[in-house]
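K.L.:
Encoded as structure tokens, here's the structure I'll be asking about.
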Amino acid sequence: MTGLEGNILITGGTGTLGHAICRQARLEAWDCRFTILSRSELNLARMAIVFPEHRYVMGDVRDADSLGASFTGHDGVIHAAAMKRIPECEQRPDECWKVNVQGSHNVLRAAQKANVEWCLGISTDKACAAVTCYGASKLMLECLFKSAWTESFKTKALLLRYGNVVASNGSVVPIWAKQAEEGKPLTVTSTEMTRFWLSPSDAVRLIVERVKHKYQMGILVPKVKSLGIHHLARALHPNSEIREIGLRSTEKIHEDLVALNELSREARDFYIIDSEGIPGTSYTSNNAERLEIDEFMSILDDAIHLESMMRPV
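Counting with this note's numbering, you get residues 1 to 313 for the letters of the sequence shown.
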């Protein structure tokens, strides 16, 4: 994998994605230096111990004034900061709006003012045919970035949409691990449910690919494999009971990465959603190629290695 180059700022960079990017940059000796921006001074201090070669700054995407000086001198911005937990977003849509929508607007404008060459927005399958506050906020992120595809906006606004990164904060895998450790049944909302799954390294690879094609407008959507939630729970904890608890009001049985009404065109490993596409493609976790269990375990091993780097010291 050819890495990123130059000075790059990562908003919300102390999370899973920021750690995965810095890990890959070190492993492959990228000609790149990162600025990690976060509102958590504790997480910044912890990450600086693991990756002292990079720069760390306090900042909050909700505060436009705090971003200006931090963005100056950078070639690119990876906008990973987000409020991600679906129940909390449903309970506090105002806070979800401030971080995911207003924060994304602030990031785009700060990148433009600082003459940053490109700014990458990280979207999610939840934005496609959105039914949750979180999904709707990520759809708005996409809309904001698409509105910047004009000649007057000098910063290249890039978009990448993908599925679940395994073992990231708040995902079902660590929740099941805790339930199994405590001898409790593994809770599954539906035995029919399927989801897209990626390793942290997969997510980094996709980011590199999107930046490599920074002159290509549109939303880059990878052809990600999927796996049923019930099969995953059984494979991870074969001795645990599985309890079906029913769908939450905002949950889908299957997730979408490309919806029928979106204008899309197909490449070998990706779909591209842009004005040159045509409607009629549906790419869901139900019709996607299925992950084999050993493939998922490899993904999980990658995630576990990364999580070990993120533990408090």
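Ideal Cβ positions, reconstructed from N, Cα and C, are used throughout, including at glycine.
1. Consult DSSP for residue 142 and reduce its assignment to one of helix, strand or coil.
2. Where DSSP assigns a beta bridge to residue 270, which residues make up the other side?
3. Comparing C-alpha positions only, which one of 57, 5, 242, 309 sits nearest to residue 118?
4. I need the DSSP call for residue 103, collapsed to helix, strand or coil.
5. Whole angstroms are fine: how far does the CA of residue 239 sit from the CA of residue 189?
6. When you compare the CB positions of residue 124 and residue 92, do they come within less than 9 Å of one another, or not?
7. Does the contact criterion of 3 or more C-beta pairs under 8 Å hold for the segment 56-63 versus the segment 96-112?
8. Curious, which full-length beta strand (DSSP E) runs of at least 3 residues does the segment 68-115 contain?
9. Given a threshold of 16 other Cβ atoms within 10 Å of its Cβ, counted over all protein chains shown, does residue 213 qualify as buried or as exposed?
10. Can you confirm whether the segment 9-16 touches the segment 65-78 when touching is taken to mean that 3 or more C-beta pairs between the two stretches lie within less than 8 Å?
11. How is the beta strand (DSSP E) around residue 258 delimited, first residue to last?
12. Within a Cβ cutoff of 7 Å, which residues of the same chain sit near residue 247, ignoring the five residues on either side of it in sequence?
13. If you compare alpha carbons, which of 108, 186, 286, 282 is closest to residue 241?
14. So, is residue 216 buried or exposed, given that buried needs 16 or more other C-beta atoms within 10 angstroms?
15. Candidates 265, 270, 218: which alpha carbon is nearest residue 148's?
16. If we count the other Cβ atoms within 10 Å of its Cβ and call it buried at 16 or more, is residue 164 buried or exposed?
17. DSSP three-state label for residue 59, please.
18. What does a CB cutoff of less than 6 Å around residue 301 pick up in its chain, not counting 5 residues either side in sequence?
19. What are the residues that DSSP puts in a beta bridge with residue 33?
20. State yes or no: is the C-beta of residue 227 within less than 9 Å of the C-beta of residue 195?
21. Scan the segment 193-239 and note each continuous alpha helix (DSSP H) run of 4 residues or more that stays entirely inside, going in chain order.
22. Since residue 296 and residue 233 should fall inside the 8 Å C-beta cutoff, what is the C-beta to C-beta distance between them, to a whole number of angstroms?
23. For the beta strand (DSSP E) containing residue 22, name the first residue and the last one.
24. By DSSP's criteria, residue 156 is part of a beta bridge. Which residues make up the other side?
25. Does residue 314 pass the burial test, meaning 16 or more other C-beta atoms within 10 Å, or should it be called exposed?
26. My output table needs one value for residue 164: the three-state DSSP class, helix, strand or coil.
27. If we count the other Cβ atoms within 10 Å of its Cβ and call it buried at 16 or more, is residue 202 buried or exposed?
P.N.:
Let me lay it out:
1. Three-state DSSP puts residue 142 in a helix.
2. Residue 270 pairs with 222.
3. Cα-wise, what sits closest to residue 118 is 5.
4. DSSP places residue 103 in the helix class (H, G or I) of the three-state scheme.
5. C-alpha separation (whole angstroms): 19 Å.
6. Contact: no.
7. Three or more beta-carbon pairs separated by less than 8 Å link the segment 56-63 to the segment 96-112, which places the two stretches in contact.
8. Counting only runs of 3 or more, we get 76-79.
9. Around the beta carbon of residue 213, a 10 Å sphere encloses fewer than 16 other beta carbons of the protein chains shown; the residue is thus reported as exposed.
10. Because the criterion of three Cβ pairs below 8 Å is met, the segment 65-78 and the segment 9-16 touch.
11. Note, residue 258: beta strand (DSSP E), 256-258.
12. The answer, listed in chain order, is 189, 190.
13. Between residue 241 and the set 108, 186, 286, 282, the nearest pair of CA atoms involves 186.
14. Classification of residue 216: exposed, given that the 10 Å Cβ count is below 16.
15. Here the closest residue by C-alpha is 218.
16. Note on residue 164: 16 or more other CB atoms within 10 angstroms of its CB, so buried under the neighbour-count rule.
17. Reduced to three states, the DSSP call for residue 59 is coil.
18. The beta carbon of residue 301 sits closer than 6 Å to no other beta carbon from its chain once the five residues preceding and following it are set aside.
19. In DSSP, residue 33 forms a bridge with 7.
20. If you check the CB distance, residue 227 and residue 195 come in under 9 Å.
21. 200-212, 229-236, all fully within the segment 193-239.
22. Rounded to whole angstroms, the Cβ separation of residue 296 and residue 233 is 11 Å, and the two are not in contact under 8 Å.
23. Careful: residue 22 lies outside any beta strand (DSSP E), inside the alpha helix (DSSP H) at 16-27.
24. 118.
25. This structure cannot speak to residue 314, because the chain is shown only from 1 to 313.
26. Residue 164 falls in the strand class under three-state DSSP.
27. Its Cβ being crowded by 16 or more others within 10 Å, residue 202 is buried.
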